[in-house]
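S.K.:
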Amino acid sequence: MRETLRFLLGDRLVELASCDPTLTVLDWLRLDQRLTGAKEGCAEGDCGACTVVVGRLDRGTLRYEAINACIRFLATLDGCQLLTVEHLKGADGALHPVQQALVDCHGSQCGFCTPGFVMSLFALWLNEDAPVVTRIEDALAGNLCRCTGYEPIIAAAQRMYGLGKRSQDRFAMDRPRIASKLGALQDQETLALGGEGSRFYAPASLTALAELMLADPDATLVAGATDVGLWVTKGMRRLSPVISLGRIEALRDIADEGDHLRIGAMVNHVDVRKALAVLSPQLDELMRRFGGEQVRNAGTIGGNIANGSPIGDLPPALIALGARLVLARSRHCEERSDEAIQGDVERAPLDRFAEPVLGLAEGKTRVLAMTEETGALQRRTIPLEDFFLDYRKQDRQPGEFLEAVLVPKLPTDALFHVSKISKRFDEDISALCGAFFLRRDATGAISEARLAYGGMAGIPKRAKAAEAALTGRIWDEMAVTDAISALASDFQPLTDMRASAGYRLRVAGNLLRRFLIETTQTGAATRVAGLLAEADHG
1 MRETLRFLLG
11 DRLVELASCD
21 PTLTVLDWLR
31 LDQRLTGAKE
41 GCAEGDCGAC
51 TVVVGRLDRG
61 TLRYEAINAC
71 IRFLATLDGC
81 QLLTVEHLKG
91 ADGALHPVQQ
101 ALVDCHGSQC
111 GFCTPGFVMS
121 LFALWLNEDA
131 PVVTRIEDAL
141 AGNLCRCTGY
151 EPIIAAAQRM
161 YGLGKRSQDR
171 FAMDRPRIAS
181 KLGALQDQET
191 LALGGEGSRF
201 YAPASLTALA
211 ELMLADPDAT
221 LVAGATDVGL
231 WVTKGMRRLS
241 PVISLGRIEA
251 LRDIADEGDH
261 LRIGAMVNHV
271 DVRKALAVLS
281 PQLDELMRRF
291 GGEQVRNAGT
301 IGGNIANGSP
311 IGDLPPALIA
321 LGARLVLARS
331 RHCEERSDEA
341 IQGDVERAPL
351 DRFAEPVLGL
361 AEGKTRVLAM
371 TEETGALQRR
381 TIPLEDFFLD
391 YRKQDRQPGE
401 FLEAVLVPKL
411 PTDALFHVSK
421 ISKRFDEDIS
431 ALCGAFFLRR
441 DATGAISEAR
451 LAYGGMAGIP
461 KRAKAAEAAL
471 TGRIWDEMAV
481 TDAISALASD
491 FQPLTDMRAS
501 AGYRLRVAGN
511 LLRRFLIETT
521 QTGAATRVAG
531 LLAEADHG
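When we follow the UniProt record's numbering, the leftmost residue of the sequence shown carries the number 1, and every step to the right adds one.
1) Compute the distance between the beta-carbons of residue 398 and residue 217, then report whether it is under 7 Å.
2) Which residues share a DSSP beta bridge with residue 436?
3) Just to confirm before moving on: does the CB-CB distance between residue 328 and residue 384 stay below 7 Å?
4) Whole angstroms is fine: what's the gap from residue 226's alpha carbon to residue 93's?
5) Beta-carbon separation of residue 55 and residue 97 under 7 Å?
6) Compare the beta carbon distance of residue 152 and residue 110 with 7 Å and say whether it is the shorter of the two.
7) Looking at the C-beta of residue 397, does it have a partner C-beta in chain B at a distance below 7 Å?
8) Return the CA-CA distance between residue 51 and residue 390, expressed in angstroms with no decimal places.
9) What runs of the beta strand (DSSP E), each 3 residues or longer, lie entirely inside the stretch 29-105?
10) Exposed or buried, what is residue 113 when buried is set at 16 or more other beta-carbons lying within 10 Å of its beta-carbon?
11) Who are the Cβ neighbours of residue 294 in its own chain at under 7 Å, not counting the five residues just before and after it?
12) Does residue 401 come out as helix, strand or coil in the three-state DSSP assignment?
13) Taking residue 201 as part of the beta strand (DSSP E), name the residues at either end of that continuous run.
14) Mind checking whether residue 488 and residue 453 have CB atoms under 7 Å apart?
15) When the Cα atoms are used, what is the spatial distance from residue 82 to residue 57?
16) Kindly indicate which three-state DSSP category residue 445 falls into: helix, strand or coil?
17) Please confirm if the stretch 180-194 is in contact with the stretch 2-12, defined as three or more CB-CB distances below 8 Å between the two stretches.
18) Can you tell me whether residue 425 is buried or exposed? The criterion is at least 16 other CB atoms within 10 Å of its CB, across all chains shown.
19) Leaving out five residues before and five after residue 78 in sequence, what residues of the same chain have Cβ atoms less than 7 Å from its Cβ?
20) With DSSP as the reference, label residue 269 as helix, strand or coil.
21) Give me the DSSP bridge partner(s) of residue 7.
22) By the three-class DSSP mapping on this structure, what secondary structure does residue 280 have?
23) Considering residue 136, what are the terminal residues of the beta strand (DSSP E) in which it resides?
24) If you reduce the DSSP assignment to three classes, tell me which class residue 230 lands in.
25) When DSSP labels each residue in this structure, what does residue 376 get in the three-state scheme?
26) Tell me residue 461's beta-bridge partners as DSSP assigns them.
27) For residue 88 and residue 169, what's the separation of their Cα atoms in angstroms?
28) At the level of alpha carbons, what is the spacing between residue 197 and residue 139?
29) With the cut-off set at 7 Å, would you say residue 307 and residue 268 are in Cβ contact?
30) For a test of the three-state rule: what should DSSP assign to residue 425, helix, strand or coil?
31) Going by DSSP, what residues sit across from residue 300 in a beta bridge?
32) Under the criterion of a Cβ to heavy atom distance below 6 Å, does residue 325 qualify as lining the ligand PLP?
33) In terms of DSSP beta bridges, what is residue 194 paired with?
34) My assumption, with CB atoms under 8 Å, is that residue 486 sits in contact with residue 457. Please give the rounded CB distance.
35) Which residues in the same chain have their Cβ closer than 8 Å to the Cβ of residue 273, if we skip the five residues on either side of it in sequence?
36) Straight-line CA distance for residue 444 to residue 436?
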């Protein structure tokens, strides 16, 4: 094992032999390095004042991404480059085109949010040529200006491309050299750190991960820390041991396997969106509203599933599509009884239920699952809907972790729709989410129905009674009315800060009716989208 954390801060190599597993990038920058450009505004990844840019090698290619420093653990940056607003100015003190554009367009008022906007625009500058306004808005959705100076900031985003050529930017010209330096930091050794009585591990292979899980099945696994980070910054938890999954390249693979896509658990939401958009524009729109750009860069498909949230955006859509999970563990894990495993879960502290591996094990398989052994690993495949057992409890055997998600391609004759309801259009948690899949036979009768909801129960869940009300029926208003009535037997939702129980049940039915309208009335989808666009920009 390697016992030194290594990364680049700008162009300088940083090596740390001791590091608290939950020390955030922001605290290290401000308190240790005295780089105070990045600000703490919310400490939960919402406001973007702490935005920094991380460069990482992706299959040998240097990739730059904006992330939230307030919830990202420093130890997860092993083998990466960290750039802050202080790194942008030239050696002669000249401002970078991103900074100069903000000055020229008067894009800063009180100034607190400005460094975060600069870094989000800098990431956009590094990765894209002169994007359209809607893309700029997406890139800045994770940055809040409390002075509401958005118009000059968007104007600056357009102007910055006229202040210099990206190909001649020193960061662009430096890419090969930085990629080489980062390449020299890559290895297959497990990173093992300790600090203040805590432990942190970052394995570089699935086998090494399985061995760590075998030794300590209660370890907290961290993917992008977009959820676990808040346990520390808001919940003030001490987590140990922590196992980071960020160095395992095999978990970042996306493969087309014929009738389905295989998406590794560590694929971030930016890449998940690109993959799912090919299957359905509905999925593209859902993922566009998934957090801000910083959250989409760090958060992963595995983490979104495995944190077990009943209001996660992806699980309802994936359940409606019939997605399956590939769970893996060391083949040397001992088989244990249902009673022993159940006892473990009942005694487990809440922080055991972490991303991207959470849950309750079964011992005896409750659903049809495929199990195989390959090399040092034992794998089983289960339907996603059967992974969720109860609030924050999932079907996980000791030492098991989520390896991949298998997402079926939509049949050409299938109808599919997904809707997210939230108080804000951008960067907000769902009050509820509905996803619907239908197929009809030659007579026009519904032969297959999967209706999945988030925010209606303690877990993402199918509406089995409503599905039964539709199956065998013609897809029309009468069938939908009966299905809506059946929702009351499927769900007894709670009232909370986001919505009342009555609102949730009413809207759940309305979403199903919207699905009918959009799939049976010519031009309905266009009209709905147009109204949404007017409301969004008007």
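Note that beta-carbon positions come from the ideal geometry of N, C-alpha and C, so glycine has one too.
M.R.: Taking the structure as given:
1) Residue numbering aside, residue 398 sits at position 398 when the sequence shown is read from its first letter. Residue numbering aside, residue 217 sits at position 217 when the sequence shown is read from its first letter. Closer than 7 Å, so yes.
2) In the sequence shown, residue 436 corresponds to position 436, counting from 1. In DSSP, residue 436 forms a bridge with 417 and 451.
3) Mapped onto the sequence shown, residue 328 falls at position 328. Mapped onto the sequence shown, residue 384 falls at position 384. Cβ distance not < 7 Å, so residue 328 and residue 384 don't count as in contact.
4) Here the question's residue 226 lines up with position 226 in the sequence shown. Here the question's residue 93 lines up with position 93 in the sequence shown. If I take the Cα positions, the gap works out to 35 Å.
5) By 1-based counting over the sequence shown, the position of residue 55 is 55. By 1-based counting over the sequence shown, the position of residue 97 is 97. Not a contact, by the Cβ cut-off of 7 Å.
6) As a working mapping, residue 152 is identified with position 152 in the sequence shown. As a working mapping, residue 110 is identified with position 110 in the sequence shown. It is not a contact, given that the beta carbons lie outside the stated cut-off.
7) Structure shown: chain B not included; a single protein chain is present.
8) For the purposes of this step, residue 51 is taken as the residue at position 51 of the sequence shown. For the purposes of this step, residue 390 is taken as the residue at position 390 of the sequence shown. Going by the C-alpha atoms only, they are around 35 Å apart.
9) 51-58, 61-68 and 81-83
10) By 1-based counting over the sequence shown, the position of residue 113 is 113. The residue in question, residue 113, is buried, as its Cβ has 16 or more Cβ neighbours within 10 Å.
11) Sequence index remark: in the sequence shown, residue 294 carries index 294 (1-based). For residue 294, where only same-chain residues beyond five positions count, the Cβ hits under 7 Å are 45, 48, 51, 66, 67, 68 and 142.
12) Numbered from its first residue, the sequence shown carries residue 401 at position 401. Of the three classes helix, strand and coil, the one that applies to residue 401 here is strand, per DSSP.
13) Residue 201 sits at position 201 when you count from the first residue of the sequence shown. Its beta strand (DSSP E) spans residues 198-202.
14) For the purposes of this step, residue 488 is taken as the residue at position 488 of the sequence shown. For the purposes of this step, residue 453 is taken as the residue at position 453 of the sequence shown. Contact: no.
15) Walking along the sequence shown from the start, residue 82 turns up at place 82. Walking along the sequence shown from the start, residue 57 turns up at place 57. C-alpha separation (whole angstroms): 13 Å.
16) Counted from its first residue, the sequence shown places residue 445 at position 445. In this structure, residue 445 counts as strand in the three-state DSSP scheme.
17) yes
18) For the purposes of this step, residue 425 is taken as the residue at position 425 of the sequence shown. Per the 10 Å Cβ criterion, exposed.
19) Within the sequence shown, the letter at position 78 stands for residue 78. Cβ within range, chain order: 5, 6, 7, 191, 202 and 247.
20) To locate residue 269, count along the sequence shown from 1; it is residue 269. Residue state, collapsed to three classes: helix.
21) For the purposes of this step, residue 7 is identified with residue 7 of the sequence shown, where counting begins at 1. Bridge partners of residue 7: 14.
22) Taking the sequence shown and counting its residues from 1, the one referred to as residue 280 is at position 280. Here residue 280 sits in coil by DSSP.
23) Position 136 of the sequence shown, counted from the start, is the residue given in the question as residue 136. Careful: residue 136 lies outside any beta strand (DSSP E), inside the alpha helix (DSSP H) at 133-139.
24) If you number the sequence shown from 1, residue 230 lands on position 230. Here residue 230 sits in helix by DSSP.
25) In the sequence shown, residue 376 corresponds to position 376, counting from 1. Note: residue 376 maps to coil in three-state DSSP.
26) The sequence position of residue 461 within the sequence shown is 461, counting from 1. DSSP output for residue 461 lists 453 as bridge partner(s).
27) Within the sequence shown, residue 88 is the residue found at index 88, counting from 1. Within the sequence shown, residue 169 is the residue found at index 169, counting from 1. Between residue 88 and residue 169, the C-alpha separation is close to 11 Å.
28) Working through the sequence shown from its first residue, we reach residue 197 at position 197. Working through the sequence shown from its first residue, we reach residue 139 at position 139. Cα to Cα, the separation comes out at about 39 Å.
29) By 1-based counting over the sequence shown, the position of residue 307 is 307. By 1-based counting over the sequence shown, the position of residue 268 is 268. No. Outside cutoff.
30) As a position in the sequence shown, residue 425 is number 425, starting the count at 1. The answer is coil: DSSP assigns residue 425 none of H, G, I, E or B.
31) Position 300 of the sequence shown, counted from the first residue, corresponds to residue 300. According to DSSP, residue 300 bridges with 268.
32) For the ligand PLP, the structure offers nothing, since it holds no ligand at all.
33) The residue you call residue 194 lines up with position 194 of the sequence shown. 199, per the DSSP bridge assignment.
34) Start at 1 with the first residue of the sequence shown, and residue 486 comes out as number 486. Start at 1 with the first residue of the sequence shown, and residue 457 comes out as number 457. No, residue 486 and residue 457 are not in contact; Cβ-Cβ is about 15 Å, not under 8 Å.
35) Here residue 273 corresponds to residue number 273 of the sequence shown, with the count starting at 1. Around residue 273: 283, 284, 287, 288, 290 and 296.
36) Position 444 of the sequence shown, counting from 1, holds the residue named residue 444. Position 436 of the sequence shown, counting from 1, holds the residue named residue 436. Answer to the nearest angstrom: the Cα atoms are 17 Å apart.
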